[in-house]
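A.B. asks:
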Amino acid sequence: MNSITLIRPDDWHLHVRDGDVLKDIIPHTAARFGRAIIMPNLKPPVTTTEQAAAYQQRILAAVPQGITFTPLMTLYLTDNMPAKEISKAKQSGFIHAVKYYPAGATTHSDAGVTNLKKTFAVLESLQQHEIPLLIHGEVTDPDVDIFDREAVFIDRILQPLLQDFPDLKVVLEHITTTHAVDFIQSASPNIAATITPHHLLFNRNDIFQGGIRPHYYCLPILKREQHREALIKAATSGNPKFFLGTDSAPHPQTAKESACGCAGMYSAHAAIELYAEVFEQNNALDKLEGFASIFGAEYYQLPINNDKITLIKEPHKIESQYSFGKEILIPLKAGETIQWKLAP
Ligand code: DOR
Ligand code: ZN
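Sequential numbering from 24 applies to the sequence shown in our numbering.
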């Protein structure tokens with residue numbers, strides 16, 4: 024197959040940061056995706072409906088002329104978010120989810136939740152309003168091995184949470200393990216998961232290929248090959264519980280290539296192309312449209328997009344860098360050849 028046409032896809036998990044970098048990165052996502060769920064982990068985090076409205080306007084101002092792209096906004100859950108913020112968010116019509124970061128789990132998560140019990144009134148309201156809770160599913164306990172943090176989170180935190188709130192809509196974000204895949208498959212229909220391109224493409228050996236490679240560091244961290252294989256099986260299975268969320272997370276080159284480098288991979292410049300590569304390698308291109316363009320919209324109870332994109336099989340080189348405000352951004356697969364190209 025030399026080309027594939029899809030209903031325009033959406034990105035159900037995206038970091039775009041703020042300020043003068045927006046004009047450098049928003050065009051990448053907006054060229055491919057109709058909508059994206061925008062993560063609220065700014066500094067300070069986006070915790071109110073007003074803040075989310077202002078952030079949405081700054082993002083829209085960075086969308087190139089003639090392109091339609093809708094940022095779907097989220098709020099950042101904290102220990103002291105008032106439950107009434109959720110009814111306000113629901114009424115706004117532009118807030119589509121609330122993000123739960125365990126405090127200290129990842130980039131800009133210090134304001135995250137220290138104890139879920141403190142948020143029960145908010146969770147009650149989310150359940151009532153059918154607003155999804157998006158979960159960064161890793162425990163932060165320093166005694167838990169970094170490669171086990173997702174599995175331990177599922178057992179210790181997620182299972183009890185779902186017992187307390189059986190009708191809560193939950194998206195376990197950027198899943199990385201066989202344990203997560205099995206859990207999602209056997210959970211009720213209100214529980215879904217996103218899968219990133221990098222967790223489908225790489226395993227933990229890639230972090231250490233001939234030396235330490237900071238551009239392969241993300242959270243949750245890459246896992247063993249057997250887990251990557253389970254994620255591919257889930258993504259290409261046609262099960263609507265699994266859908267596309269890139270977790271594209273730009274950081275300046277200086278912050279990645281450092282003695283204490285930041286977590287995050289930037290994939291927005293070629294996201295749907297990279298998913299196509301994985302699906303093709305696994306003889307599952309016919310399953311890409313469900314995963315990328317239909318299942319997420321259905322889960323969020325939004326219409327599917329009414330236009331299409333075409334990808335052409337045309338091997339080409341990824342740029343070695345992009346500008347990122349006054350800094351430089353090193354994209355995923357910088358300088359490497361990929362197989363699929365977005366048709367103009
Ligand atoms: O690798 C990651 N980067 N994982 C996250 O959870 C956050 C993200 C970021 O914001 O940089
Ligand atoms: Zn993320």
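Where a beta carbon is used, it is the ideal one built from N, C-alpha and C, also for glycine.
Quantities reported herein were computed from a predicted structural model and do not represent experimental measurements.
1) Taking one C-beta from the region 113 to 128 and one from the region 69 to 88 each time, how about it: are there three or more such pairs within less than 8 Å?
2) As a quick exercise: from K264, M96 and T269, pick the residue whose alpha carbon is nearest that of G313.
3) Across which residues does DSSP place V301 in a beta bridge pair?
4) For S26 and M288, what's the separation of their Cα atoms in angstroms?
5) Could you have a look at P50 and say whether DSSP puts it in helix, strand or coil?
6) For A294, tell me which candidate among E248, I341 and I327 has the shortest Cα-Cα distance.
7) Considering only heavy atoms of the ligand ZN, does any lie closer than 6 Å to the CB of D270?
8) Less than 8 Å between the CB atoms is what I'm expecting for A258 and S271, so what's the real figure, rounded?
9) Please return the same chain residues whose Cβ sits closer than 8 Å to the Cβ of H339, not counting the five positions on each side in sequence.
10) Under the rule that 16 or more other beta-carbon atoms within 10 Å means buried, what is K279, buried or exposed?
11) Relative to the ligand ZN, is the shortest distance from any of its heavy atoms to the C-beta of M96 smaller than 6 Å?
12) By Cβ distance, which residues of its chain are closer than 8 Å to P237, with the 5 residues on each side in sequence left out?
13) What separation, rounded to the nearest whole angstrom, lies between the Cα atoms of Y124 and S132?
14) Kindly indicate the opening and closing residues of the beta strand (DSSP E) around L156.
15) Give me the Cβ distance between E153 and F176, rounded to the nearest whole Å; I'm assuming they're in contact under 8 Å.
16) For the beta strand (DSSP E) that Y240 lies in, which residues bound it at each end?
17) So what does L95 bridge to, in DSSP terms?
18) So what's S260 in DSSP terms, helix, strand or just coil?
19) Within 10 angstroms of its Cβ, does I90 collect 16 or more other Cβ (buried), or is it exposed?
20) Which whole runs of the alpha helix (DSSP H) in the region 118 to 173 are 4 residues long or more, in chain order?
21) Among the candidates H159, F206 and A215, whose CA atom is the shortest distance from the CA of L191?
22) Would you kindly work out how many angstroms separate the C-alpha atoms of Q182 and T93, rounded to a whole number?
23) CA-CA distance, K246 and N226?
24) Since I believe K141 is in contact with D102 (beta carbons under 8 Å), could you give me their beta-carbon distance rounded to a whole number of angstroms?
25) Around the Cβ of N228, are there at least 16 other Cβ atoms within 10 angstroms (buried) or fewer (exposed)?
26) Taking all protein chains shown into account, decide if F318 is buried (16 or more other Cβ within 10 angstroms of its Cβ) or exposed.
27) Under 6 Å: does the beta carbon of M62 sit that close to some heavy atom of the ligand ZN?
28) Within 10 Å of its beta-carbon, does E173 have 16 or more other beta-carbons around it, so buried, or fewer, so exposed?
C.D. replies: Let me spell this out:
1) yes
2) Taking the sequence shown and counting its residues from 1, one reaches residue 313 at position 290. Minimum Cα distance to G313 is reached at K264.
3) Numbered from 1 along the sequence shown, position 278 holds the residue referred to as residue 301. V301 is not bridged to any residue.
4) On the sequence shown, position 3 is the one that residue 26 refers to. On the sequence shown, position 265 is the one that residue 288 refers to. If you take the alpha carbons of S26 and M288, they lie about 27 Å apart.
5) Residue 50 sits at position 27 when you count from the first residue of the sequence shown. DSSP places P50 in helix when its eight states are reduced to three.
6) By one-based count along the sequence shown, residue 294 stands at place 271. It is I341 whose Cα lies nearest to the Cα of A294.
7) Within the sequence shown, the letter at position 247 stands for residue 270. For D270, the Cβ falls inside the 6 Å cut-off from some heavy atom of the ligand ZN.
8) Counted from its first residue, the sequence shown places residue 258 at position 235. Counted from its first residue, the sequence shown places residue 271 at position 248. 16 Å between Cβ atoms; not a contact.
9) On the sequence shown, position 316 is the one that residue 339 refers to. T360, I361 and K364, listed in sequence order.
10) Taking the sequence shown and counting its residues from 1, one reaches residue 279 at position 256. By the 10 Å Cβ count, K279 comes out buried.
11) Stepping through the sequence shown from its first residue, residue 96 is reached at position 73. No, Cβ of M96 sits at least 6 Å from all heavy atoms of the ligand ZN.
12) What you label residue 237 is simply residue 214 of the sequence shown in a count that begins at 1. So the list reads K279, E280, S281 and G284, once near-sequence residues are dropped.
13) Start at 1 with the first residue of the sequence shown, and residue 124 comes out as number 101. Start at 1 with the first residue of the sequence shown, and residue 132 comes out as number 109. Distance between the alpha carbons of Y124 and S132: 6 Å.
14) Start at 1 with the first residue of the sequence shown, and residue 156 comes out as number 133. Start and end: L156 to I158.
15) Translated into positions along the sequence shown, residue 153 becomes position 130. Translated into positions along the sequence shown, residue 176 becomes position 153. Not really, about 24 Å apart at Cβ, beyond 8 Å.
16) Residue numbering aside, residue 240 sits at position 217 when the sequence shown is read from its first letter. Unbroken run through Y240: none, as it is neither H nor E.
17) Stepping through the sequence shown from its first residue, residue 95 is reached at position 72. Answer is I60, bridged to L95.
18) Along the sequence shown, one-based indexing puts residue 260 at 237. Secondary structure at S260: coil, using DSSP grouped into helix, strand and coil.
19) Within the sequence shown, the letter at position 67 stands for residue 90. Answer is exposed; the Cβ neighbour count stays below 16.
20) DSSP runs (the alpha helix (DSSP H)) wholly in the region 118 to 173: 143 to 152.
21) Against the sequence shown, residue 191 aligns to sequence position 168. With distances taken between Cα atoms, L191 lies closest to A215.
22) The residue you call residue 182 lines up with position 159 of the sequence shown. The residue you call residue 93 lines up with position 70 of the sequence shown. Cα to Cα, Q182 sits roughly 33 Å from T93.
23) The residue you call residue 246 lines up with position 223 of the sequence shown. The residue you call residue 226 lines up with position 203 of the sequence shown. If you take the alpha carbons of K246 and N226, they lie about 5 Å apart.
24) Locating residue 102 in the sequence shown gives position 79, counting from the first residue. Locating residue 141 in the sequence shown gives position 118, counting from the first residue. Indeed, because the Cβ distance is near 4 Å, the residues count as touching under 8 Å.
25) On the sequence shown, residue 228 is found 205 positions in, with the first residue counted as 1. Flag for N228 reads exposed.
26) Position 295 of the sequence shown, counted from the first residue, corresponds to residue 318. Result: buried.
27) On the sequence shown, position 39 is the one that residue 62 refers to. Because some heavy atom of the ligand ZN lies under 6 Å away, the Cβ of M62 counts as near it: yes.
28) For this step, residue 173 is matched to residue 150 along the sequence shown. Buried, since its Cβ has 16 or more Cβ neighbours within 10 Å.
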